[in-house]
Each structure stands twice: as structure tokens, then as C-alpha cells.
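One line per chain: the protein sequences are A and B, in this order.
According to the numbering used here, the stretch in the first sequence is residues 35 to 461, in order.
According to the numbering used here, the stretch in the second sequence is residues 35 to 461, in order.
There are 2 protein chains.
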Amino acid sequence: MSLSSMRMDEIIALKEETERRYQQFKEKGLKLDMSRGKPGADQLDLSMKVLDAISSPDDYNSESGFDCRNYGILDGIPEAKRLFSEIMEVSPDNVIVGGNSSLNMMFDIIAGAMTHGFIKDKPLMKEEKVKFLCPSPGYDRHFSICQYFGIEMIPVKMTSTGPDMDAIEELVASDACIKGIWCVPKYSNPDGITYSDETVIRFSKLKPAAPDFRIFWDNAYAVHDLTDTPDKLLNIIDLCRENGNEDMPVVFTSTSKISFPGAGVAALASSINNINRIKKRLSMQTIGPDKLNQLRHARYFKNLEGIKAHMKLHADILRPKFEIVLTTLQKELGDLDIAEWNTPKGGYFLSVNTPVGCAKRVVELCSEAGVTLTPAGATYPLGKDPEDKNIRIAPTYPPVSELALAIELFCICIKKAAIEKLLGERA
Amino acid sequence: MSLSSMRMDEIIALKEETERRYQQFKEKGLKLDMSRGKPGADQLDLSMKVLDAISSPDDYNSESGFDCRNYGILDGIPEAKRLFSEIMEVSPDNVIVGGNSSLNMMFDIIAGAMTHGFIKDKPLMKEEKVKFLCPSPGYDRHFSICQYFGIEMIPVKMTSTGPDMDAIEELVASDACIKGIWCVPKYSNPDGITYSDETVIRFSKLKPAAPDFRIFWDNAYAVHDLTDTPDKLLNIIDLCRENGNEDMPVVFTSTSKISFPGAGVAALASSINNINRIKKRLSMQTIGPDKLNQLRHARYFKNLEGIKAHMKLHADILRPKFEIVLTTLQKELGDLDIAEWNTPKGGYFLSVNTPVGCAKRVVELCSEAGVTLTPAGATYPLGKDPEDKNIRIAPTYPPVSELALAIELFCICIKKAAIEKLLGERA
Numbered sequence: 035m036s037l038s039s040m041r042m043d044e045i046i047a048l049k050e051e052t053e054r055r056y057q058q059f060k061e062k063g064l065k066l067d068m069s070r071g072k073p074g075a076d077q078l079d080l081s082m083k084v085l086d087a088i089s090s091p092d093d094y095n096s097e098s099g100f101d102c103r104n105y106g107i108l109d110g111i112p113e114a115k116r117l118f119s120e121i122m123e124v125s126p127d128n129v130i131v132g133g134n135s136s137l138n139m140m141f142d143i144i145a146g147a148m149t150h151g152f153i154k155d156k157p158l159m160k161e162e163k164v165k166f167l168c169p170s171p172g173y174d175r176h177f178s179i180c181q182y183f184g185i186e187m188i189p190v191k192m193t194s195t196g197p198d199m200d201a202i203e204e205l206v207a208s209d210a211c212i213k214g215i216w217c218v219p220k221y222s223n224p225d226g227i228t229y230s231d232e233t234v235i236r237f238s239k240l241k242p243a244a245p246d247f248r249i250f251w252d253n254a255y256a257v258h259d260l261t262d263t264p265d266k267l268l269n270i271i272d273l274c275r276e277n278g279n280e281d282m283p284v285v286f287t288s289t290s291k292i293s294f295p296g297a298g299v300a301a302l303a304s305s306i307n308n309i310n311r312i313k314k315r316l317s318m319q320t321i322g323p324d325k326l327n328q329l330r331h332a333r334y335f336k337n338l339e340g341i342k343a344h345m346k347l348h349a350d351i352l353r354p355k356f357e358i359v360l361t362t363l364q365k366e367l368g369d370l371d372i373a374e375w376n377t378p379k380g381g382y383f384l385s386v387n388t389p390v391g392c393a394k395r396v397v398e399l400c401s402e403a404g405v406t407l408t409p410a411g412a413t414y415p416l417g418k419d420p421e422d423k424n425i426r427i428a429p430t431y432p433p434v435s436e437l438a439l440a441i442e443l444f445c446i447c448i449k450k451a452a453i454e455k456l457l458g459e460r461a
Numbered sequence: 035m036s037l038s039s040m041r042m043d044e045i046i047a048l049k050e051e052t053e054r055r056y057q058q059f060k061e062k063g064l065k066l067d068m069s070r071g072k073p074g075a076d077q078l079d080l081s082m083k084v085l086d087a088i089s090s091p092d093d094y095n096s097e098s099g100f101d102c103r104n105y106g107i108l109d110g111i112p113e114a115k116r117l118f119s120e121i122m123e124v125s126p127d128n129v130i131v132g133g134n135s136s137l138n139m140m141f142d143i144i145a146g147a148m149t150h151g152f153i154k155d156k157p158l159m160k161e162e163k164v165k166f167l168c169p170s171p172g173y174d175r176h177f178s179i180c181q182y183f184g185i186e187m188i189p190v191k192m193t194s195t196g197p198d199m200d201a202i203e204e205l206v207a208s209d210a211c212i213k214g215i216w217c218v219p220k221y222s223n224p225d226g227i228t229y230s231d232e233t234v235i236r237f238s239k240l241k242p243a244a245p246d247f248r249i250f251w252d253n254a255y256a257v258h259d260l261t262d263t264p265d266k267l268l269n270i271i272d273l274c275r276e277n278g279n280e281d282m283p284v285v286f287t288s289t290s291k292i293s294f295p296g297a298g299v300a301a302l303a304s305s306i307n308n309i310n311r312i313k314k315r316l317s318m319q320t321i322g323p324d325k326l327n328q329l330r331h332a333r334y335f336k337n338l339e340g341i342k343a344h345m346k347l348h349a350d351i352l353r354p355k356f357e358i359v360l361t362t363l364q365k366e367l368g369d370l371d372i373a374e375w376n377t378p379k380g381g382y383f384l385s386v387n388t389p390v391g392c393a394k395r396v397v398e399l400c401s402e403a404g405v406t407l408t409p410a411g412a413t414y415p416l417g418k419d420p421e422d423k424n425i426r427i428a429p430t431y432p433p434v435s436e437l438a439l440a441i442e443l444f445c446i447c448i449k450k451a452a453i454e455k456l457l458g459e460r461a
């Protein structure tokens with residue numbers, strides 16, 4: 035029965051039970067962390083052989099014959115470019131394989147745009163105003179980059195098929211200050227939503243007022259499926275080319291959650307125009323990326339099949355974690371109509387919407403009982419959730435036993451906050 | 035006997051002999067490269083065990099207990115910070131250990147200064163004009179960064195004790211547009227000169243008109259000694275602190291030419307103010323550097339003693355290469371008074387000054403006979419050597435046998451160019 039349709043005596047009974055359970059949790063003295071999208075140590079163990087993929091003595095040459103131990107090769111060794119071209123479904127010519135961080139590649143492209151522009155002679159620093167569209171809830175680190183560079187962020191509502199395309203189409207067509215949009219198109223952070231075919235097609239057909247409008251397509255979870263019937267994401271690069279928007283999208287991905295966060299390999303894909311522009315800047319920045327780490331990864335994973343087989347091992351570890359979260363949410367909150375969430379088929383997150391005005395309170399209650407959540411609001415630009423209702427759940431890092439406790443407490447806290455609100459017990 | 039004091043018949047005889055030798059070289063069909071400051075494959079072989087310093091199964095924790103395979107730690111793991119603090123002779127608190135490229139760190143600090151300033155609210159993009167001092171000859175990639183950002187470069191003469199400090203003191207004191215200077219203070223690129231004590235002390239006492247003036251102290255060859263009596267460089271960080279210029283210097287170094295170019299570890303050292311400012315930007319750029327590569331290096335080299343022992347192995351390989359170059363220069367050109375060079379006690383380069391107006395011609399002649407040199411002019415801002423006389427010699431990459439041929443040809447080409455000039459045979 036939904037909370038709002040309960041009789042007062044039923045509400046009071048639920049309140050008392052919830053209070054009792056909350057106090058019991060407090061007495062446990064928990065210290066659990068459900069805040070961060072990190073793989074667990076057991077997942078990292080899956081990739082240890084990557085480190086042995088080159089060791090001493092060995093052949094350290096790329097398949098092109100280039101000694102990967104020495105200087106050179108700005109855009110990645112051929113076998114790494116091929117591997118990422120398979121993951122990103124593009125030609126190797128459209129790929130730059132970089133260092134250990136796709137976030138750094140995104141930051142750097144925006145840094146480059148500030149001083150030099152996404153296109154020639156259009157440095158964003160010289161513009162009166164620069165705006166980015168920010169589908170929200172979204173990834174806080176995307177928003178931080180905008181904040182750092184003084185870029186105004188315009189939140190765009192997320193729907194079950196991706197961001198609100200009506201709003202996006204209208205905004206980019208009417209405002210030439212809008213220079214970009216952040217997207218996590220597959221298993222989005224934090225909702226776990228994959229953009230529908232229609233959404234991707236509409237993206238590819240955008241008619242932005244700004245000639246230098248760019249789609250930052252952060253496909254961080256491209257191969258991070260949890261089930262045998264994974265979501266399929268259409269190819270933004272192909273579609274944009276077909277629709278005369280070849281230079282619009284820049285696609286990012288990495289092995290951070292395939293091999294090692296921080297010690298993996300990141301890559302981007304874009305039009306030849308964009309690739310050449312990025313390479314020109316790269317040639318000023320560095321003599322080249324860590325090619326030995328690229329070689330390790332290319333030799334170990336070999337190709338997309340190798341990656342997919344490896345990701346099944348990750349899925350076997352992660353599936354029970356998502357299941358305990360989803361099962362508990364359903365069991366505790368399924369009937370009460372006080373919370374909403376998706377059922378992601380991959381990725382690293384899901385998000386729960388509490389009643390309006392309750393997210394901060396839930397995070398606070400969890401914290402007081404020893405469970406750390408991502409701060410409420412973190413999934414919105416400037417950390418401000420206008421309805422104070424979205425909470426990101428990161429179920430990957432804690433062991434299942436701890437996660438079961440943490441998510442049970444989380445549900446109790448949502449009930450407690452919802453009842454407080456209903457009874458007008460909070461200011 | 036010097037060329038200029040020869041009788042005409044002697045000059046003609048030398049010319050004929052030089053022509054004959056040059057033709058003989060051309061007939062050999064050489065294809066040699068003396069252009070790039072790369073270690074040879076035998077040097078890379080010295081470091082193969084670095085790759086095995088962590089392998090599977092192992093303990094992947096930093097000494098602080100942090101799992102280096104996972105996200106986190108923005109400024110480097112403690113053992114890597116300590117190792118670099120020993121190399122750079124500073125406290126670990128003053129160190130940030132980064133990714134694989136110190137050049138990238140330099141680029142990034144300037145990119146950050148363009149949009150956000152070296153100090154708060156002083157973005158260089160908002161300044162009418164920004165200038166950097168460029169001791170010349172110097173490192174072309176430093177100059178390229180300035181060129182990329184539209185920073186005006188003011189060449190400063192190099193002397194045998196470092197850059198011309200009279201000029202630098204006067205320039206920085208009188209022009210608030212001058213925001214920085216590039217230095218390679220030990221075994222400078224390309225001269226192989228180490229800044230004298232007096233030079234470093236005078237740097238530390240500079241009184242720049244610009245409050246945000248920065249010294250880019252690229253100590254790329256900090257431990258790259260060739261002899262048992264290495265040059266000693268004073269500590270710019272300590273001296274600047276003592277002289278009230280704590281925030282002025284930023285010191286860079288890397289293991290690129292200790293372990294692997296491209297797969298090594300880079301670091302910087304500066305004041306706590308600067309470190310905090312850089313870390314704030316870093317926190318927007320990345321979740322952290324490749325800590326597994328830091329762990330590999332820290333475990334293998336352990337400390338400065340370990341680094342020094344390793345560098346002796348490099349020196350054993352490099353010493354004969356520098357010796358064949360210096361011996362040949364002396365033997366071929368020592369008496370003719372048509373070329374000058376230094377005798378570096380370390381580093382990766384030396385440079386030769388030809389008669390004025392002959393450098394381009396020498397590089398061209400070498401190229402026609404199959405030996406690639408660094409382009410003439412590359413050691414000056416915008417690639418323009420005002421006297422067209424400086425040529426960088428990079429003796430490290432070719433095997434000694436090839437190097438002997440290449441440097442002999444180089445000397446022949448200098449003679450040929452000098453005689454052409456003397457006889458007025460070139461326009």
C-alpha cells in the first residue's frame with residue numbers, strides 16, 4: 035500500500051517500526067561506504083595477468099616494429115588503436131589512444147577549447163558567455179570541469195530514454211552560447227539508463243546555432259554489461275556523419291573499469307578534422323603516451339571478443355551486488371510509492387529518487403548510522419538538486435554482505451524521511 | 035692552423051681533400067640519425083627489471099596500505115614522492131608525482147596559467163601581452179609551448195655559466211609582461227652546460243616586476259652524469275625560499291631517461307602554495323596518476339642511491355658515444371678555428387657552433403650524404419637562429435660505429451661549408 039493512502043494508525047505503526055529498525059542499525063556501529071564507483075579488489079584480481087602481458091625478457095615491439103620502450107607515436111600503437119576502434123565501433127584512423135584517464139582527455143579538450151577553440155580562431159575564453167547542457171542527474175566530474183572553466187551549466191531533465199531531446203533541440207538551435215553537452219549514453223551515471231535509438235538519432239540530427247557545438251559522449255560503460263541481453267547503443271559517430279554533423283561528437287572510453295582504474299588505458303574517437311586538431315595540440319604536450327601499458331593491454335585482451343569474455347567475469351561479481359540492492363529496494367519500498375529507481379542492465383550505478391526534499395535528509399540519516407553515500411545534490415550542476423530528491427547508489431565496491439546491510443539501512447532512512455515529511459515533522 | 039690564417043693554396047688543398055672525402059661518404063649511401071635525444075636500445079635493456087618489479091601475484095599496496103590498482107591518490111604514492119624528493123632535494127610535501135611526461139606537466143601548468151593564472155585572478159589570457167625569457171640555444175619543445183599559446187619569446191644569450199644573468203635581471207625587473215623563463219639548468223639542452231653557483235643564486239634573488247613570474251626549472255638531467263666528477267647544481271627551491279621568492283620556481287624531472295621514455299614517471303617540485311594550486315586543478319583533471327607504474331619504479335629503484343647506481347650503467351654506455359664525438363670534433367676541427375663546442379659531463383646533448391651563416395648549410399650537406407641532424411635553428415625560439423650557427427648533436431641513439439661515421443661526416447660538412455663561405459662560393 036502506498037504511504038499516502040495509509041490510515042494514520044498504519045502510518046504511526048510504520049513509523050514506530052522504522053524508528054526501531056533505525057535505532058538497531060545505529061547500535062551496530064557500521065562503517066560502510068556506498069559512495070564511490072570503484073571496482074572491488076576481487077574485480078581487480080581478474081586483471082592481474084595484464085601486468086604480466088609484457089615482462090622481462092620479452093619482445094617490446096609493437097606489431098609495427100616500433101620499440102614501445104622508447105619515445106614516439108603520439109596517438110597510440112596500432113594494436114591499441116585497433117582494440118579501441120572495436121570497442122568504439124569506428125575506424126582506427128578516428129581513434130587516439132592516450133594515457134590512463136579519459137576524464138583527463140575530456141578536461142584537456144575543453145581546456146584546449148578555452149584557449150584555442152573547438153574550431154580555428156574561436157577560443158571560448160574570448161566569448162562573452164559559454165554554456166554547456168548538462169543532462170541531470172549526471173556525472174559530477176563533468177560538471178566540475180564546467181565549473182572550473184566558468185562555463186554556465188544548463189540542466190536538462192533525464193528521462194527513461196535519455197535526456198529530454200525536445201528541450202535539447204530547442205536550446206541548441208536557439209542559443210549560440212551553448213557549445214557542448216555532457217552525455218553518458220550507455221548505463222548512464224547515475225541512472226543506469228541507455229539512450230534509446232530515437233534519442234541517439236535525434237542527437238545526430240541536431241542543428242546547433244553554434245558552429246562549434248560539441249557532444250561529449252562519455253561512453254565509460256561501453257562494454258560493462260551485467261546481463262546476456264545487454265542494452266544496445268547506436269553509433270553516434272556514424273549517425274552524425276550521415277547527418278552532416280561529422281565534427282560534432284567526441285567519444286571517450288577507457289579500460290579503467292575493465293583492467294585497472296588509474297592504471298588502464300583511455301581513448302577517444304572523433305572525426306578526422308577533430309583528431310588532427312587534437313593531435314596538433316598533443317604534439318605540443320607530450321612526446322607520446324605510455325606505450326608499454328598500451329602494449330600490455332592490447333596483448334592481453336587482443337580484441338573485442340577478449341574484452342567481452344573478460345567483462346563476463348566482472349559481471350559475475352557485480353550482478354549479485356546490483357541484485358541485492360534492487361531486491362531490497364523492491365522489498366522495502368516497492369509498495370509504498372515513496373521512491374523510484376531504474377533497473378540498470380550494466381554500468382556502475384543506479385540512482386534512487388526519494389520524495390521531493392528528502393534526499394539530503396536520507397544521506398544525513400545514513401551517515402549518522404555509519405553508511406556513507408554520495409552527497410545528495412552531487413548528481414546536479416553545482417551540487418544543487420532543485421528538488422532535493424536524487425541519490426546515487428554505487429554498489430560495486432563493498433562486499434555483498436556489507437552492501438546488504440547498507441541498502442537495508444538506506445531503505446529504512448527513506449521511509450523515515452518520507453514519514454517525517456508526511457507528518458510535517460521537519461521544518 | 036686556423037682556416038683564416040691559411041694561405042690560398044693550403045685552403046684549396048683542404049677544399050679538395052674535403053670534397054673528396056664528402057663524395058666518398060655520399061657513395062656509402064649512409065642512413066644515420068643523430069637528431070634525437072633518445073636512449074639506445076641497450077640503455078632500455080638496463081631497465082627491464084622495472085617491468086617485473088610488480089607482477090602477478092604480488093602485493094600491490096603502497097607502503098601506506100593503499101591498493102595501487104584502484105582509483106585515488108592525486109599527487110603520487112608516498113614511496114614515489116620520497117624517491118623524487120631525494121632526486122629533487124626537497125621535502126616530499128613539495129612534490130607531485132604525475133604521469134609519464136614532465137613536458138606534459140610543464141604544458142599543463144602554462145595552460146592552467148592561461149585560463150586561471152599562476153596566481154589567483156591573473157589569467158594570462160586576460161593580459162595584453164605575455165612574454166617568456168628563452169635562454170638560447172635551448173629546448174625546442176619549451177619554445178613550442180610558448181608559440182602554441184601566443185607567448186612572445188625573448189631570447190637570452192647562453193654563456194658558459196648559464197644564461198646571461200645581467201640581461202635576465204634587467205628584463206624581469208623592467209617588464210611586468212615577462213611571466214616566466216625556461217631553464218634546463220644541468221647539462222643544458224643543447225649545450226651541456228650546468229648553471230654555475232653564481233647563476234643559480236642570482237636566479238633566486240631576481241626581483242621581477244610581475245608578481246606572477248615563474249622559473250620553469252626543467253631538471254631533466256638531474257642524475258644523468260657521465261663522469262665520476264659530475265657537475266653540481268645548487269638547489270633553486272631552497273635558495274628562492276631563503277630569498278623571499280618561494281613561489282617563483284617550479285622544478286621538473288622524470289625517469290624518462292632513467293627507465294623508459296614514455297613509460298617512466300614524471301614529477302614536479304614547488305612551494306606549498308604552488309603545489310596546492312596545481313593539486314586543485316589536478317582534482318578537476320583526473321582521479322589520479324598511474325600508481326602501478328609509480329610502484330614499479332619506487333620498488334625497483336628504492337632511493338637515490340639505487341638511481342645513481344643505475345645511472346652509472348647508463349653512463350658506461352653513453353661515455354664512449356660522447357667520447358667519439360668529442361675526439362672526432364677535436365681531431366677534425368680542433369686547429370681550424372671554425373667551430374666551437376663544450377665538453378659536457380652529462381646529459382644527452384652537445385651543440386656545435388659553426389661559422390656564422392653555416393648551420394643550415396651543414397645540416398643540408400649532412401642530409402644529402404645520409405645523416406639526419408636536428409634542423410638548424412631548432413634550438414632557438416620560432417626556429418630562428420639569428421646567426422645561423424648552432425647545431426644540436428644528439429649522440430645517444432646510434433651505435434658507436436654509426437656515430438663515428440656520422441660525426442666524421444658532420445666535421446667534413448662543417449669544413450666544406452666554412453670553406454665555401456670563406457671563398458664566397460655561396461650566395
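Heads up, the beta-carbon is just placed ideally off N, CA and C, and yes, glycines get one too.
- With its beta carbon at least 8 angstroms from every one in chain B, A/M345 lies outside the interface.
- For B/N387, the three-state secondary structure derived from DSSP is strand.
- Take A/A332, set aside five residues on each side of it, and the residues of its chain with a beta-carbon closer than 6 angstroms to its own are E113, A114 and L117, in chain order.
- B/L370 and B/K394 have their C-alpha atoms spaced approximately 20 angstroms apart.
- When the alpha-carbon of B/S401 is set against those of B/D93, B/D67, B/G340 and B/N128, the nearest one is in B/D67.
- For the region 424-455 of chain B, residues whose beta-carbon sits nearer than 9 angstroms to a beta-carbon of chain A comprise Y431.
- No residue range can be given for A/V218, since it is assigned to no beta strand (DSSP E) and is classified by DSSP as neither H nor E.
- If you check each beta-carbon in the region 133-165 of chain A against every beta-carbon of chain B, the ones closer than 7 angstroms belong to G133, N134, S135, L137, N138, F141, A145, M148, T149 and M159.
- In terms of beta-carbon proximity, B/P112 stays away from the interface with chain A, with every pair separated by 8 angstroms or more.
- Taking a Cβ-Cβ threshold of 7 angstroms, none of the residues of chain B is close to A/L80; the smallest such distance is about 11 angstroms.
- Secondary structure of A/G417 (DSSP, three-state): helix.
- Within the same chain, and ignoring the five residues on either side of A/L158 in sequence, the residues whose Cβ sits closer than 7 angstroms to its Cβ are A147, M148, G151, V164 and K213.
- From the listed residues A/T233, A/W216, A/S230 and A/L268, the smallest Cα separation to A/F247 is found for A/W216.
- Going by DSSP, A/R236 is part of the alpha helix (DSSP H) stretching over D231 to S238.
- Chain order gives the chain B residues near A/K83 as S90, where near means a beta carbon separation below 9 angstroms.
- For B/S178, the C-beta contacts it makes with chain A under 7 angstroms involve M318, in order along the chain.
- Here the alpha carbons of B/I188 and B/G368 stand approximately 33 angstroms from one another.
- Counting only runs that start and end inside the region 159-185 of chain B, the alpha helix (DSSP H) elements of at least 4 residues fall at 174-182.
- Going by beta carbons, A/I121 and A/I144 fall outside the 8 angstroms limit.
- Using beta-carbon distances, A/D324 counts as an interface residue toward chain B, with a partner under 8 angstroms.
- The distance from the Cβ of A/S238 to that of A/S136 is about 22 angstroms, inconsistent with a contact at the 8 angstroms cut-off.
- For B/F250, there is no enclosing alpha helix (DSSP H); the residue is part of the beta strand (DSSP E) that begins and ends at R248 to D252.
- Where A/F286 is concerned, the enclosing beta strand (DSSP E) starts and stops at P283 to S288.
- Pairing B/R353 with B/L329, the inter-Cα distance amounts to about 30 angstroms.
- Contact note: B/N327 reaches chain A through A297, D324 and N327, using a C-beta cutoff of 8 angstroms and chain order.
- In terms of beta-carbon proximity, A/P126 stays away from the interface with chain B, with every pair separated by 8 angstroms or more.
- Put simply, of B/I446, B/A452, B/G226 and B/I427 the residue whose alpha carbon is nearest the alpha carbon of B/G411 is B/I427.
- Interface annotation, B/D101: in contact with chain A, CB-CB separation under 8 angstroms.
- The bridge partners DSSP lists for A/D422 come to none.
- Residue range A393 to E402 is occupied by the alpha helix (DSSP H) that includes B/V397.
- Taking each of A/A207, A/P283 and A/Y221 in turn and checking the Cα distance to A/S194, the smallest one comes out for A/Y221.
- For A/V129, the uninterrupted beta strand (DSSP E) run begins and ends at V129 to V131, by DSSP.
- Of the candidates A/P242, A/R54, A/L338 and A/Q57, A/P242 places its Cα closest to the Cα of A/C274.
- One thing to note: B/L407 has its Cβ no nearer than 8 angstroms to the Cβ of B/A451.
- Nearest Cα to B/E186 within the set B/L316, B/C211, B/E203 and B/D43: B/C211.
- DSSP lists A/P169 as the beta-bridge partner residues of A/V190.
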